[in-house]
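Encoded as C-alpha cells, the structure appears first; notes follow it.
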Amino acid sequence: MEKRPDMIRRHSAGAIFMHWFNAGCWIALLATGLGLIDNPELQPLGMWWVRTLHALGLDGVLLLQVHATLGLVWASVYAVFSLVRLKSETWPFLREVGTFSPQSDLTWVLRKTLTLTVGEERLRAKGLATELPAQGFYNAGQKLFAVPAVLGSAGLVATGLIALFSRAWPGGADVVQWALAIHFLCAALVAVGLVVHVYMATIAPGEGPAFRSMFTGFVPEDFARHHNPLWHERVAAGRDETLAKRDKRSI
Ligand code: HEM
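Heads up: take any position in the sequence shown, counting from 1, add 668, and you land on my numbering.
Rendered as C-alpha cells:
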C-alpha cells in the first residue's frame with residue numbers, strides 16, 4: 669500500500685501477519701483447549717461445548733492431537749519470527765511494553781477507565797481532570813495487556829511441552845498434573861486480558877485508526893500526535909530507529 673504524506677508507519681507487514689496469525693491460533697487453541705476439560709466443575713464454558721466438539725468428531729486423543737499440533741506450530745512460527753527479527757521487532761517490542769512510568773501509567777489507566785465508564789462530561793462537571801498523560805508507542809493499558817500476554821504465552825508453551833513429553837518419566841504423572849494446572853492458569857490470565865484488548869481495539873471510541881493500522885500498517889500523523897505524542901516526537905525527530913528500518917520495507 670502507498671504511504672500517504674499524512675500517514676506514518678506503525679506496524680511492519682511481518683508484525684501485522686504475526687498479530688493475526690497469533691489471534692487465529694489463540695482462538696483455535698482456546699476452543700480446542702476448553703474442549704479438553706471434561707470435568708464439569710472445572711469447565712468454564714459448561715459441558716455443552718465439550719459435547720459440541722464431540723458431536724463434530726473431535727474427542728479424546730484426536731482433540732488432544734489437534735490442540736498440541738496447533739500449539740507446536742504456533743510456538744515454532746513465533747520462535748522463528750522472534751529470532752529472525754530479534755533486533756528490528758522483538759527487542760524493541762519487549763523494551764517498549766516492559767518500560768513503565770508508575771505514576772503516569774497509573775494515572776492514564778484510572779482516567780481512561782473513568783472516561784469510558786462515567787463519561788468525560790460528567791467527570792468535568794464534578795471538577796475532575798480528564799486529560800491523559802502523554803504516551804509512547806503503546807499506551808499504559810496496552811502495556812498492561814502485553815506483559816501478561818507475553819509471559820502467559822511463554823508459560824503456556826513451557827507447560828504444554830512438559831505435559832506432552834514428561835508423562836513417561838519417573839514421577840511424570842504428578843509433573844503433568846502440575847504443568848496442566850499452570851497451563852490452565854496462564855490461559856485464563858491471557859483470556860481475561862483478551863476480552864479487554866478486543867473491546868479496546870474494536871468497540872472503544874477513538875481507537876479506529878489504531879485498529880485499521882493492524883491491517884494497513886499506517887496511522888494518520890494527527891492520530892499519533894494526539895494518542896502517542898512521545899512516540900510521535902521520536903518519529904518527527906528521526907529518532908525512531910525501528911520505524912526507520914521498517915520504512916525501508918514496503919508493506
Ligand atoms: C481477535 C481479535 C483481536 C483484535 C481485534 C486485536 C486488535 C489489535 C490491534 C488493533 C492492535 C494494534 C494497537 C495499536 O496499534 O495501537 C493490537 C495489538 C496487539 N495485540 Fe491484538 N487483537 C486481537 C487478538 C489478539 C490476541 C489473541 C493477542 C494475544 C494473545 C493479541 C495481542 C496483541 C498485542 C501483544 C498487541 C500489542 C500491544 C497492544 O496493543 O495491546 N491480540 N491488537
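Every residue gets a Cβ at the ideal spot worked out from N, C-alpha and C, and that includes glycine.
The ligand HEM heavy atom lying under 8 Å from the CB of residue i
i	result
His-735	no
Arg-677	no
Residues that DSSP places opposite residue i in a beta bridge
i	result
Met-675	Pro-888
Beta-carbon proximity check, residue i vs residue j, cutoff 9 Å
i	j	result
Val-864	Gly-906	no
Phe-805	Glu-764	yes
Gly-876	Ile-684	no
Trp-742	Leu-862	no
Ile-676	Glu-901	no
His-735	Leu-697	yes
Leu-824	Ala-855	yes
Pro-897	Ala-817	no
His-679	Ser-834	no
Ala-826	Leu-848	no
Leu-800	Arg-779	yes
Gly-714	Leu-731	no
Arg-869	Phe-883	A quick correction: the sequence has Ala, not Arg, at residue 869. No. Outside cutoff.
Arg-840	Arg-753	The question names Arg, yet the displayed sequence has Gly at residue 840. No, the pair does not count as a contact, with Cβ atoms beyond the cut-off.
Closer than 9 Å to chain B by CB, residue i
i	result
Val-745	The chain inventory of the structure shown lacks chain B, comprising one protein chain alone.
Exercise. How would the residue list near the ligand HEM read, in chain order, if you kept each one whose beta-carbon is closer than 6 Å to any heavy atom?
Worked result: Arg-678, His-687, Asn-690, Ala-691, Trp-694, Tyr-806, Gln-810, Phe-813, Ala-814, Ala-817, Val-858, Leu-862, His-865, Val-866, Ala-869, Thr-870, Ala-878, Phe-879, Ser-881 and Met-882
Worksheet item: Which runs of the beta strand (DSSP E) fall wholly inside the stretch 675–712 and span at least 3 residues, in chain order?
Response: 675–677
Query raised in the report: In the stretch 855–906, which residue ranges form an unbroken alpha helix (DSSP H) of at least 4 residues, counting only runs that do not cross its ends?
Result: 876–884, 889–895 and 897–904
* Which residue spans inside the stretch 725–800 form an unbroken alpha helix (DSSP H) run of at least 4? -> Given a length threshold of 4 residues, each whole run of the alpha helix (DSSP H) inside the stretch 725–800 is given here in chain order: 728–752, 759–765, 770–785 and 788–793.
Exercise. Please specify which runs of the beta strand (DSSP E), each continuous and at least 3 residues long, are wholly inside the stretch 818–847, giving them in chain order.
Key: none
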